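**Student:** Numbering (our numbering), first residue to last: 1 to 422.
Ideal Cβ positions, reconstructed from N, Cα and C, are used throughout, including at glycine.
What you are looking at is a predicted structure, and each value in this text was computed from that prediction instead of being measured.
1) Relative to the C-alpha of residue 408, which residue among 217, 195, 393 is closest?
2) Just reading off the beta strand (DSSP E) that residue 275 is part of, what are its end residues?
3) Determine the DSSP secondary structure at residue 37, reduced to helix, strand or coil.
4) Which residue wins for smallest C-alpha separation from residue 99, given the options 399, 237, 185, 360?
5) Is there contact between the segment 281–290 and the segment 223–243, where contact requires at least three CB pairs shorter than 8 Å?
6) Return yes when the Cβ of residue 10 is within less than 8 Å of the Cβ of residue 22, no when it is not.
7) Indicate the three-state DSSP secondary structure (helix, strand or coil) for residue 27 in the structure shown.
8) If you compare alpha carbons, which of 235, 376, 350 is closest to residue 263?
9) With DSSP run on the structure shown, which of helix, strand or coil describes residue 194?
10) Does the Cβ of residue 156 have 16 or more other Cβ atoms within 10 Å, making it buried, or fewer, making it exposed?
11) Near residue 6, what residues of its chain come up, given a Cβ to Cβ distance below 7 Å and the 5 sequence neighbours on each side ignored?
12) Please classify residue 12: does DSSP put it in a helix, a strand, or coil?
13) Check each candidate in 128, 139, 138 and name the one with the smallest Cα separation from residue 153.
14) Could you tell me the distance, in whole angstroms, from the CA atom of residue 261 to the CA atom of residue 145?
15) On the three-pair Cβ rule with 8 Å, is the segment 189–198 touching the segment 115–127?
16) Under 6 Å Cβ to Cβ from residue 323, same chain only, skipping five residues before and after it: list those, please.
17) Could you round the C-beta distance between residue 178 and residue 131 to whole angstroms and report it? I think they count as a contact, below 8 Å.
18) Using a Cβ distance threshold of 8 Å, determine whether the segment 135–145 contacts the segment 76–83, with at least three qualifying pairs required.
19) I need the DSSP call for residue 489, collapsed to helix, strand or coil.
20) Would you check if the distance between the CB atom of residue 240 and the CB atom of residue 274 is smaller than 8 Å?
21) For the beta strand (DSSP E) containing residue 263, name the first residue and the last one.
22) According to DSSP, residue 20 sits in a beta bridge with which residue or residues?
23) What is the residue span of the alpha helix (DSSP H) that residue 338 lies within?
24) Using only alpha-carbon positions, find the residue among 395, 339, 15 that is nearest to residue 361.
25) With burial defined as no fewer than 16 other Cβ atoms inside 10 Å of the residue's Cβ, what is the status of residue 242: buried or exposed?
26) My understanding is that residue 102 touches residue 139, with C-beta atoms under 8 Å, so please give their C-beta distance in whole angstroms.
27) Please report how far the alpha carbon of residue 371 lies from the alpha carbon of residue 224, in whole angstroms.
28) Does DSSP put residue 344 in a helix, in a strand, or in coil?
29) With a CB to CB cut of under 8 Å and the five nearest residues on each side skipped, what residues in its chain are close to residue 312?
30) Using C-beta distances below 8 Å, list every residue in its chain close to residue 294, excluding the 5 sequence neighbours before and after it, in chain order.
31) Can you name the residues that DSSP bridges to residue 101?
32) Cβ atoms of residue 316 and residue 349: under 8 Å apart, would you say?
33) Looking at the structure shown, is residue 309 part of a helix, part of a strand, or coil, going by DSSP?
34) Comparing the CB of residue 57 with every heavy atom of the ligand NAP, is any distance shorter than 7 Å?
35) Go through the segment 157–245 residue by residue and report every complete run of the alpha helix (DSSP H) that reaches 4 residues or more, in order.
36) Within a Cβ cutoff of 8 Å, which residues of the same chain sit near residue 332, ignoring the five residues on either side of it in sequence?
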């Protein structure tokens, strides 16, 4: 019993050096509350220590201290291991969070590259949001394999949209090469995939309306239920060899009906170069009709709210809706005149009108080089492109006038004109 009245239990033993040692083993309490021991518990502890001594462990105090040290060391080691494991998990999580995904690459590509496209990249964003990002968006860039790419294209091929599959494959290749150039990804996962294997080989369209078909078209168009502006678009596309998108985006400020000129600004042309069309009398008359329909609107072909141009696919859809074969049923929101514009040579598109106009030009004696200029095609020969600076404006004006006159003859029921084979 201590001077303060505390009751302690001791165990006495002789150590290896023959010394008597008194070892405190606990504090007494009747109920054995926490941090104390009852008489029975003290007796049990003394019995355990006596057993140690009898087993040959003479230095009990040192033995117990060594056991405590070992327990503390083991506990510290476990705490250190847990801390190391936690740090490793946090580091792995941080690395995972820092890993760029396909979505991250697409966002960067859109911000740097797509924004420079004519539509600001809107069409590519739409395609990727629908057909690419749902498959690849959350995938870390360093995990993208060839199989992930073909999963996207195979899904499109299964839908029967082979051309779309090829287009999206090309866009994915552009995006991944962009990522390689900026060290966002080590290699392009599309590199070992041949584009020709995606949906087979492209078939180049060569549809050209012949002279009889142009006459037939002139008879069919007024009865096909087309908007008057759409009917005019057919003849403008044919007589100017323009792209339908260029016509749909045309603004009246770029068209001078008095001088007969139409400026297609660089932002509306496919090759990014401004192009001036010298309108024939025939083409001018078609634009005058469109002007009477659009009124004071800024655009030749405004949307319904007159806040911008109509979608470039509008004319294509109207013409396509009227060229369905008899074995295809009428679909909702489609014209009831399903075969009103069918021609003997098969289905035709606005772009075929552009090809037809150029073909008709050369058949009328216009030099192919001049016809190419009328199409606003870029000269492929670098030497010619560099050193031959003649702009062919007079020759082009003549070509368009000759073409317009011929189309007018073909369209005129009273004057069928002379045959022109091509």
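**Tutor:** For this structure:
1) Translated into the one-based positions of the chain shown, residue 408 becomes position 408. Nearest of 217, 195, 393 to residue 408, Cα basis: 217.
2) Counting from 1 along the chain shown, the entry for residue 275 is found at position 275. Per DSSP, residue 275 belongs to the beta strand (DSSP E) from 275–278.
3) Counting from one through the chain shown, the residue named residue 37 turns up at place 37. In the three-state reduction of the DSSP assignment, residue 37 falls in the strand class, which pools E and B.
4) Along the chain shown, one-based indexing puts residue 99 at 99. When the alpha-carbon of residue 99 is set against those of 399, 237, 185, 360, the nearest one is in 185.
5) Touching, yes, given that three or more Cβ pairs across the two stretches are closer than 8 Å.
6) Within the chain shown, the letter at position 22 stands for residue 22. Within the chain shown, the letter at position 10 stands for residue 10. Cβ distance < 8 Å, so residue 22 and residue 10 count as in contact.
7) Along the chain shown, one-based indexing puts residue 27 at 27. Assignment of residue 27 by DSSP, reduced to helix, strand and coil, places it in the strand class.
8) As a position in the chain shown, residue 263 is number 263, starting the count at 1. Taking only the C-alpha atoms, the option nearest residue 263 is 376.
9) If you number the chain shown from 1, residue 194 lands on position 194. Here residue 194 sits in coil by DSSP.
10) Here residue 156 refers to the residue found at position 156 when the chain shown is read from its first residue. Residue 156 comes out buried.
11) In the chain shown, counting from the first residue as 1, residue 6 sits at position 6. Contacts found: 27.
12) Start at 1 with the first residue of the chain shown, and residue 12 comes out as number 12. Strand at residue 12.
13) As a first step, residue 153 is located in the chain shown; it is residue number 153 there, counting from the start. Minimum Cα distance to residue 153 is reached at 128.
14) Counted from its first residue, the chain shown places residue 261 at position 261. Counted from its first residue, the chain shown places residue 145 at position 145. Counting only the Cα atoms, residue 145 lies some 52 Å from residue 261.
15) With the cut-off at 8 Å, the segment 189–198 and the segment 115–127 do not touch.
16) The residue you call residue 323 lines up with position 323 of the chain shown. So the list reads 341, 342, 347, once near-sequence residues are dropped.
17) Here the question's residue 178 lines up with position 178 in the chain shown. Here the question's residue 131 lines up with position 131 in the chain shown. The C-beta distance from residue 178 to residue 131 rounds to 19 Å, too long to meet the 8 Å contact threshold.
18) They do not touch, by the three-pair rule.
19) The structure shown does not extend to residue 489, since the chain spans only 1 to 422, so no value can be given for it.
20) Indexing the chain shown from 1 puts residue 240 at position 240. Indexing the chain shown from 1 puts residue 274 at position 274. The Cβ atoms of residue 240 and residue 274 do not sit closer than 8 Å to each other.
21) Your numbering for residue 263 matches position 263 in the chain shown. First-last of the beta strand (DSSP E) with residue 263: 261–264.
22) One-based indexing of the chain shown puts residue 20 at position 20. The partner list for residue 20 (beta bridge, DSSP) reads 14.
23) In the chain shown, residue 338 corresponds to position 338, counting from 1. Looking at the DSSP string, residue 338 is not in any alpha helix (DSSP H), and its letter there is neither H nor E.
24) Working through the chain shown from its first residue, we reach residue 361 at position 361. Selection 395, 339, 15 evaluated against residue 361 yields 395 as nearest (Cα-Cα).
25) Counted from its first residue, the chain shown places residue 242 at position 242. With 16 or more neighbouring CB atoms inside 10 Å of its own CB, residue 242 falls in the buried class.
26) As a first step, residue 102 is located in the chain shown; it is residue number 102 there, counting from the start. As a first step, residue 139 is located in the chain shown; it is residue number 139 there, counting from the start. 5 Å between Cβ atoms; contact.
27) The residue given as residue 371 occupies position 371 in the chain shown. The residue given as residue 224 occupies position 224 in the chain shown. Looking at the two C-alpha atoms, the distance is approximately 31 Å.
28) Counted from its first residue, the chain shown places residue 344 at position 344. Three-state DSSP puts residue 344 in coil, outside helix and strand.
29) The residue you call residue 312 lines up with position 312 of the chain shown. Excluding residues within five positions, the ones whose Cβ falls inside 8 Å are 244, 245, 248, 249.
30) The sequence position of residue 294 within the chain shown is 294, counting from 1. The answer, listed in chain order, is 229, 252, 300, 301, 302.
31) Taking the chain shown and counting its residues from 1, one reaches residue 101 at position 101. Paired residue(s): 140.
32) The count along the chain shown starts at 1 and reaches residue 349 at position 349. The count along the chain shown starts at 1 and reaches residue 316 at position 316. In this structure, residue 316 lies closer than 8 Å to residue 349 by Cβ.
33) Taking the first residue of the chain shown as 1, we reach residue 309 at position 309. When DSSP states are grouped into helix, strand and coil, residue 309 belongs to the strand group.
34) The model on display carries no ligand, and the ligand NAP is accordingly not part of it.
35) Restricting attention to alpha helix (DSSP H) runs no shorter than 4 residues, the segment 157–245 encloses them at 162–181, 211–220, 228–240, ordered along the chain.
36) Counting from 1 along the chain shown, the entry for residue 332 is found at position 332. With a pLDDT of 45 at residue 332, under the threshold of 50, the modelled position of that residue is not reliable, and no figure is offered here.
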